[in-house]
């Protein structure tokens, strides 16, 4: 393919990107589409000067976009030889040896975990970072650092007080929860909160009950902590499949008001029935995805002596924030705060101060209401494209969450389909690896955070065409 054709196709894709996106993001999206849909493998790109001139952007902006695509494996470059397109190959899976890693580490790594590709069409678990009000966020950083408060550079033993108050008020507005400030522990995201629960409330060899399908991240944390996992299948229309004569259960880890990865509402009544059968010492509920009106699905109560609630701002705002919260029973607040300080040495006071002000100013409420409306519309687009595909048993109903799940008929190789879609830079997760051995469900988990508008419609149509061919 000659350089002029390459330029024309890239300009065409760039012009199709929503103008509300930054120029860098528009270039990245255009390059992804050109590499995966138009250009043959090993197509040489014109010089950065020619590309920037054709797109009408600064060379620095173009270089940032190209660097992103190089990290994703869609472009490759070497000094003096130019820039070339290349297709993404599924990452090689290496088996750790017992000499190098502990048995616990080997158990964690045998499961599919965090993807090496964290951007692209339908990547699950990533919110819309392109629309996030980053200008306001930068202004808040300036405002909290202007007074030159040296305390913000120190450890944050127990968490930043104003942020705890902001979270308390946010939980009252959005989750209808009335908790004390002392019950709130600031964490470095969901995984950190789950790890603290495992370290504080269970010993090596204890049993934790988890739903199937499960959140893979929580399963990895519990496995690394040396806990035995008892999987309890959950079907939206039937509830939990109660295990016969369950043994002693130390922890029950349950999804909050919206199940992940199935992306459907949960039932507090059904979760209570499961806990009555298992009689766990403690119940950890992960409020992974939620909206303002579904708090009745929560089992958690701030007045309970054995219920804990895990939450994260990474799915609401942006993944790199890595700040969350853990709401614990009153009698556990002091010892768990102390344990967190001893194990993890809290910090990031600047980030906590900015987040507190962001919540106090009402910006988080505005952002959540706006983006959840957007997610609902995006899910409707994807739902309409996928629901009539052959071999599709169900598609999770449109909601304000960032995830959507497609369940296939039994016998479909969802792992192989996910790997084939990866070659087309359609990033999804197979459902079967997060199901128990006794749970035969197969399907795909995908996200709607990275795409919107006409780009979403085009990519959803491309996904449908690819799945039609693969499901035959």
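Numbering (this note's numbering), first residue to last: 237 to 708. Even glycine gets a Cβ: it sits at the ideal position worked out from N, Cα and C.
Beta-carbon spacing of residue i, residue j below 8 angstroms
i, j, result
"residue 263", "residue 293", "yes"
"residue 495", "residue 505", "no"
"residue 651", "residue 634", "no"
"residue 644", "residue 628", "yes"
"residue 423", "residue 522", "no"
"residue 638", "residue 525", "yes"
"residue 556", "residue 429", "no"
"residue 404", "residue 421", "no"
"residue 612", "residue 357", "no"
"residue 322", "residue 312", "yes"
"residue 596", "residue 402", "yes"
"residue 489", "residue 446", "yes"
"residue 538", "residue 413", "yes"
"residue 662", "residue 702", "yes"
"residue 440", "residue 465", "no"
"residue 298", "residue 287", "yes"
Boundaries (first-last residue) of the beta strand (DSSP E) holding residue i
i, result
"residue 567", "Note, residue 567: premise wrong, no beta strand (DSSP E); alpha helix (DSSP H) at 566–580."
"residue 489", "487–491"
"residue 467", "464–471"
"residue 321", "318–321"
"residue 296", "Here residue 296 belongs to no beta strand (DSSP E); instead the alpha helix (DSSP H) covers 295–308."
"residue 563", "560–563"
"residue 279", "No beta strand (DSSP E) contains residue 279, which DSSP labels as neither H nor E."
Nearest neighbour of residue i, chosen from the options [CA to CA]
i, options, result
"residue 575", "395, 367, 376", "395"
"residue 617", "417, 696, 457", "696"
"residue 707", "564, 260, 625", "625"
"residue 307", "585, 699, 623, 268", "268"
"residue 563", "379, 406, 247", "406"
"residue 478", "303, 515, 402", "515"
"residue 376", "456, 314, 244, 589", "589"
"residue 684", "258, 289, 363", "363"
"residue 529", "418, 408, 443", "408"
"residue 614", "682, 553, 600", "682"
"residue 320", "582, 338, 281, 309", "281"
"residue 602", "410, 284, 567", "410"
"residue 655", "342, 339, 359", "359"
"residue 278", "247, 317, 380", "317"
"residue 549", "677, 437, 600", "600"
"residue 462", "547, 361, 449, 342", "342"
"residue 340", "492, 544, 456, 694", "456"
DSSP state of residue i mapped onto helix, strand, coil
i, result
"residue 661", "coil"
"residue 427", "helix"
"residue 458", "helix"
"residue 447", "strand"
"residue 594", "helix"
"residue 543", "strand"
"residue 246", "helix"
"residue 438", "coil"
"residue 643", "strand"
"residue 501", "strand"
"residue 263", "helix"
"residue 652", "helix"
"residue 678", "coil"
"residue 268", "helix"
"residue 550", "coil"
"residue 332", "Note that residue 332 scores a pLDDT of 49, beneath 50, so its modelled location is shaky and nothing firm can be said."
"residue 514", "helix"
"residue 314", "strand"
"residue 418", "helix"
"residue 239", "helix"
"residue 666", "strand"
"residue 523", "coil"
"residue 589", "helix"
"residue 531", "helix"
"residue 453", "helix"
"residue 556", "helix"
"residue 686", "coil"
"residue 357", "strand"
Boundaries (first-last residue) of the alpha helix (DSSP H) holding residue i
i, result
"residue 710", "The structure shown does not extend to residue 710, since the chain is modelled only from 237 to 708, so the question has no answer here."
"residue 410", "397–410"
"residue 703", "689–707"
"residue 287", "284–291"
"residue 345", "339–345"
Cβ-heavy atom distance, residue i to the ligand FMN, below 7 angstroms
i, result
"residue 241", "In terms of ligand content, the structure shown is empty, and the ligand FMN therefore cannot be addressed."
Segments of 4+ residues assigned as alpha helix (DSSP H) that fall wholly inside the segment 591–641
If we require 4 residues or more, the alpha helix (DSSP H) runs fully inside the segment 591–641 come out as 599–622.
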